[in-house]
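Numbering (mature numbering (1 follows the signal peptide of the UniProt record, and there is no 0)), first residue to last: -33 to -1, 1 to 256. Note sheet for the following structure.
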């Protein structure tokens, strides 16, 4: 897909204040800024010799091997790469997606990768201008079901599952007003209904769909036209000294442009037994128009 220059300019001008939430697009409620740690976060990281990375279970962003205790995933891999550029040690700090913003405010860690910038979150934490990567709202189609556009799915006989209250839920409600929409509390419950034959498709952001499809062992992930794309980002403490935010943005922009972020994603897919060639990229320039 050719790059949408207008969208990119809008994103840059907005200071990375739009996007979908981390795994399923679930937005956090309004969080007002609290007293942030003073001083330079970048200097503190280098003086400490450690980059403290917030980690929360949710594939493909973060995955903890229960036997070894080691972390994997796109978010963790990006953190390791950033720590290497700084010459410091990456240190995981366990949190939850719901508590990550408050934990950043409290100075419990220095960064949370793959956290999307939203207006509510930007009241409490900071985000680099440069996006970390891009994903699109996709659909996991049941075997035997064919579609390539949203319009083809916009009919009463098409049954589509979403996770209640997420960005895909809100988008599908508007995009497919004629379809039969089923809402579930979690991706696992949505997947169970899909396996039971109750759904013609499931809509999530495509990296999460890929992981779901790998567990269900059925269906095909597509990016319906017109594409509904969103940038992901990395959240950092909102302090007066912006050197950490600005340096991180340069680093993430470099990783994206050189394909390093895409490689981290592909390496994780391979680690989980998924063929990267069968999976839509997280570089929107590689999406087919």
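Note that CB positions come from ideal geometry on N, CA and C, so glycine has one too. None of these values were measured; they are calculated from a predicted model.
Taking only beta-carbon positions, decide if residue i is within less than 8 Å of chain D.
i           : result
residue 216 : Here chain D cannot be found, since the structure has a single protein chain.
Would you tell me roughly how many angstroms separate the C-alpha atoms of residue i and residue j, rounded to the nearest one?
i           : j           : result
residue 65  : residue 22  : 12 Å
residue 16  : residue 55  : 5 Å
residue 178 : residue 49  : 25 Å
residue 114 : residue 10  : 52 Å
residue 225 : residue 100 : 12 Å
residue 109 : residue 236 : 21 Å
residue 210 : residue 7   : 7 Å
residue 165 : residue 158 : 10 Å
residue 190 : residue 41  : 20 Å
residue 223 : residue 47  : 15 Å
residue 240 : residue 176 : 15 Å
residue 37  : residue 82  : 21 Å
residue 205 : residue 111 : 49 Å
residue 192 : residue 12  : 43 Å
residue 255 : residue 43  : 28 Å
residue 215 : residue 207 : 15 Å
residue 151 : residue 85  : 23 Å
residue 80  : residue 125 : 35 Å
residue 34  : residue 238 : 15 Å
residue 196 : residue 244 : 20 Å
residue 76  : residue 62  : 10 Å
residue 137 : residue 194 : 16 Å
Give me the Cβ distance between residue i and residue j, rounded to the nearest whole Å; I'm assuming they're in contact under 8 Å.
i           : j           : result
residue 27  : residue 161 : Actually they do not touch by this definition, with Cβ atoms about 19 Å apart.
residue 220 : residue 97  : 4 Å
residue 202 : residue 94  : 6 Å
residue 105 : residue 173 : 4 Å
residue 72  : residue 91  : 6 Å
Helix or strand or just coil, what does DSSP make of residue i?
i           : result
residue 198 : strand
residue 75  : coil
residue 107 : strand
residue 86  : helix
residue 113 : coil
residue 230 : helix
residue 93  : strand
residue 137 : helix
residue 255 : coil
residue 19  : strand
residue 203 : strand
residue 249 : coil
residue 122 : coil
List the endpoints of the continuous beta strand (DSSP E) containing residue i.
i           : result
residue 180 : Segment 173 to 183 is the alpha helix (DSSP H) holding residue 180; no beta strand (DSSP E) there.
residue 241 : Neither: residue 241 is in no beta strand (DSSP E) and is coded neither H nor E.
residue 59  : 56 to 61
residue 222 : First-last for residue 222: 210 to 224, but that is the alpha helix (DSSP H), not the beta strand (DSSP E).
residue 189 : 187 to 189
residue 126 : 126 to 130
May I ask which residues mark the beginning and end of the alpha helix (DSSP H) holding residue i?
i           : result
residue 51  : 41 to 53
residue 156 : 154 to 162
residue 261 : Since the first and last residues shown for the chain are -33 and 256, residue 261 lies out of range.
- Counting Cβ pairs closer than 8 Å, one from the segment 115 to 125 and one from the segment 134 to 146, do we hit at least three? Result yes; three or more Cβ-Cβ pairs closer than 8 Å.
- Message: For the pair the segment 130 to 145 and the segment 165 to 174, tell me if three or more CB-CB distances fall below 8 Å.
- Response: Counting Cβ pairs under 8 Å, three or more are found: they touch.
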